Amino acid sequence: MLLDHNPLHDYGIQTRNGRAIAPLVISRRDLLGGLGGTLATVMLSAKARAADSAAKRLIAETRILEVNGRPARVFGLTGPDGRPGLRLAAGERFRVDLANETGARTLVHWHGQLPPWMQDGFPWPQTPPFANGTAESYDYAPISGTYWMHSHHAMQEQSLLTAPLIVDDVARLREDRQDIVLMLHDFTFRTPDEVLAGLTGASAADAHALAQRTERAGSDDGGKAQSPAVPTMATPGMAMQGMSMSKVPDPAMKAMDMTGTGMTPTGVAGMDLNDVQYDAFLANDRTLADPEIVRVDRGGRVRLRIINGAASSQFWIDLGELTGRVVATDGHAVQPVPGKLFPIAMAQRLDILIDLPAAGTFPIVARLEGSVRQTGIILATAGARISRMVDGTQAAPPVDNSLEARLAAAEPLPARPADIVHTIALGGGMKPYAWSMNGEYWPHITPLMLNKGQRIEIELVNRSMMAHPIHLHGHVFQVVAINGRALRGAVRDTVLVSPHGRVRIAFDADNPGRWAFHCHNLYHMETGMMTEFRYQGIAA
Ligand SMILES: [Cu+2]
């Protein structure tokens, strides 16, 4: 029965009559941001804002995606142009009305952006997820580069409540390069609750309760209604020359030589990889058997913006015969690093410039670490013959910090001594499946208190056998040491800490509020690997 495989069925999706436009509400952010306490003042300021420029409408909704020949109901985030996510012009403010048409509560985080904390999209008690049929307004100055957005409510991220967030800048426009976004996902027909239950050995109901407990604020979604029946969907047409449209069973399922059952992690040289066995890996929502073909010019100049939006998977970006150069990580410019093979941890982004040699087809492949499985897109000049993409024959190695060690920020933090140096130990394991920071499990944590103006250094010490991609909300940090070796590394928002490895990051406390600091492996976060950095004077 299709319903059993509906990844949304744990979110209490309710069938709605028609698709009436959700009423725009004056949000708490408008009220807080108003110049005075009276409604009149709020309305005046809203009017002045509207005159300045209209807000972009972003819709969080459900959609049907065909994966391996089978329809699945997933979430989506659709911008005003009908495409996934948002693209902002150089200098444009992030002025967005986010309409919730998901059928459940939701809350969307603008990953890597630096908004005031109450617009960050994290479920603090002050900013709980908001209801289906309502909207929230956001208004802040964005930073330019390759970012993304994803739900920070429950485990909606696994069900593809994610999208690109690209902010242009004048320098990039001057480059005159074709801009190609490649967003990666891991996909399962199981619900996230089922996945988490499988990992923890608990029931799906217990896993659901665990997921709810990670949010201290707000109430449950309410009555769990059955999901609407999933309609069958025709195979999307693709009229590319030489491209077979026939569906093949996922060869990767048979080719997985390193994993046993769905829940056994891949083992490579004493470390654990790939907690979850997925049904597919998606590149711009398409599988390897039915990849997106992107038309490029002969000898064209390309900027690839790669976003790892996977919930629990890491990849090597393989450019094949092409050579590229990484020019930005997590949206922030770095000294260019040339190469053909680049690791990308969960939640990270890579901007890669490529000058195409001539006519032809150029697969851009993302290879799952510790596996032969892969996904990707194909760049193709007009008339080029396109051949089928298949899984690899050799397992990709674990994603590591080999690239990180070579990165140098184009605009490093000003040199200054740290006011606070704090060590955070990353702990946990597969049995029992639970992950911690300094021995604490979210939400039972002790916040790290900061003062505005301080320089903070965090030494991340991984005592576990898994790599953890650690993300800081509301700030950018610089990687200043790997395994004790000092460097003036990349400025970014998510860094990988290898098994038994150490990474030191530095940042300036310049954005007062409450900020989450967590592993971006969704199942590690859900089972505890998260803490809070809180500024003095901000109420809990
Ligand atoms: Cu982790």
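Heads up: take any position in the sequence shown, counting from 1, add 23, and you land on my numbering. All C-beta atoms in this analysis are idealised placements derived from N, C-alpha and C, irrespective of residue type, glycine included. Since this is a predicted model, take the numbers as computed values, not measurements.
Could you tell me the boundaries of the alpha helix (DSSP H) in which residue i lies?
i	result
MET548	545-549
ARG197	193-198
Looking at the unbroken beta strand (DSSP E) that takes in residue i, where does it start and where does it end?
i	result
GLU217	Element bounds for GLU217: not the beta strand (DSSP E) but the alpha helix (DSSP H), 215-223.
HIS175	It is not in any beta strand (DSSP E) - HIS175 carries neither H nor E in the DSSP assignment.
GLY105	Careful: GLY105 lies outside any beta strand (DSSP E) and carries neither H nor E.
ASP372	First, the amino acid is wrong: residue 372 is Arg here, not Asp. Where ARG372 is concerned, the enclosing beta strand (DSSP E) stretches over 372-378.
PRO366	364-367
PRO386	384-391
ARG568	Given that the chain is displayed from residue 24 to residue 563, the structure contains no residue 568 and the question cannot be resolved.
PHE210	201-210
GLY451	443-452
THR125	Note, THR125: premise wrong, no beta strand (DSSP E); not H, not E.
GLN397	397-403
Thinking C-beta only, is residue j closer than 8 Å to residue i?
i	j	result
ALA457	THR554	no
ALA306	LEU205	yes
TYR464	LEU222	no
LEU144	ASN123	One point to set straight first is that residue 144 is Gly, not Leu, in the sequence displayed. It is not a contact, given that the beta carbons lie outside the stated cut-off.
VAL131	ALA77	no
SER410	PRO366	no
THR416	LEU311	no
PRO522	MET488	yes
PRO437	ARG511	no
ARG592	ARG328	The structure shown does not extend to residue 592, since the chain spans only 24 to 563, so no value can be given for it.
GLY135	ASP353	yes
PHE500	ARG486	no
ASN461	ALA441	no
ASP191	LEU111	yes
GLY347	GLY362	yes
MET294	ASN331	no
ALA227	VAL90	no
PRO215	HIS176	no
TRP133	MET178	no
Which term fits residue i, buried or exposed, when burial requires 16 or more other beta carbons within 10 angstroms of its beta carbon?
i	result
SER459	buried
HIS543	buried
ARG326	buried
THR255	Caution is warranted here: a pLDDT of 28 is assigned to THR255, below 50, making its placement in the model unreliable, and the coordinate value is therefore given only provisionally. Exposed.
VAL18	This structure gives no information on residue 18, because the portion of the chain shown stretches from 24 to 563.
ALA490	buried
LEU519	buried
THR446	exposed
LYS454	exposed
ALA563	exposed
VAL444	exposed
ASN297	buried
PRO492	buried
PRO187	buried
ILE480	The sequence shown places Glu at residue 480, not Ile. Buried: at least 16 other Cβ atoms inside 10 Å.
PRO259	With a pLDDT of 27 at PRO259, under the threshold of 50, the predicted position of this residue should be treated as unreliable, though the coordinate-derived value follows. Exposed: under 16 other Cβ atoms inside 10 Å.
ASN506	exposed
HIS496	buried
GLY380	Checking the displayed sequence, the identity of residue 380 turns out to be Pro instead of Gly. The residue is exposed, with fewer than 16 neighbouring Cβ atoms inside 10 Å.
ARG390	buried
SER167	buried
LEU207	buried
GLU198	exposed
ALA541	At residue 541 the sequence reads His, which differs from the Ala that was named. Under this definition HIS541 is a buried residue.
Between which residues of its own chain and residue i is the CB-CB distance below 8 Å, once the five residues before and five after are set aside?
i	result
TYR558	MET472, LEU473, ASN474, LYS475, ALA532, PRO535, GLY536, ARG537
THR384	ILE401, LEU402, ALA403, THR404, ALA407, ARG408, ILE409, SER410
Kindly list the residues whose CB is nearer than 6 Å to the CB of residue i, restricted to its own chain and excluding five residues on each side of it in sequence; keep chain order.
i	result
GLY99	GLU84, ARG86
GLU115	none
ARG80	PRO103, ASP120
ILE364	Position check: residue 364 holds Leu in this sequence, whereas Ile was assumed. Excluding sequence neighbours, LEU364 sits near TRP339, ASP341.
ASP313	none
ALA113	ASP191, ASP192, VAL193
Within its chain, find whatever has a CB closer than 7 Å to the CB of residue i; leave out the 5 residues flanking it on each side and keep chain order.
i	result
VAL357	VAL349, VAL350, ALA351, LEU430, ALA431, ALA432, ALA433, ALA513
Taking CB distances under 8 Å as the criterion, tell me whether residue i reaches chain D.
i	result
ALA127	Here chain D cannot be found, since the structure has a single protein chain.
Subject >> Three CB pairs or more closer than 8 Å across the segment 370-377 and the segment 429-443 >> reply: As far as the Cβ criterion goes, the segment 370-377 does not touch the segment 429-443, which means the pair count is below three.
**OP:** Please confirm if the segment 156-166 is in contact with the segment 106-119, defined as three or more CB-CB distances below 8 Å between the two stretches.
**Re:** The segment 156-166 is in contact with the segment 106-119.
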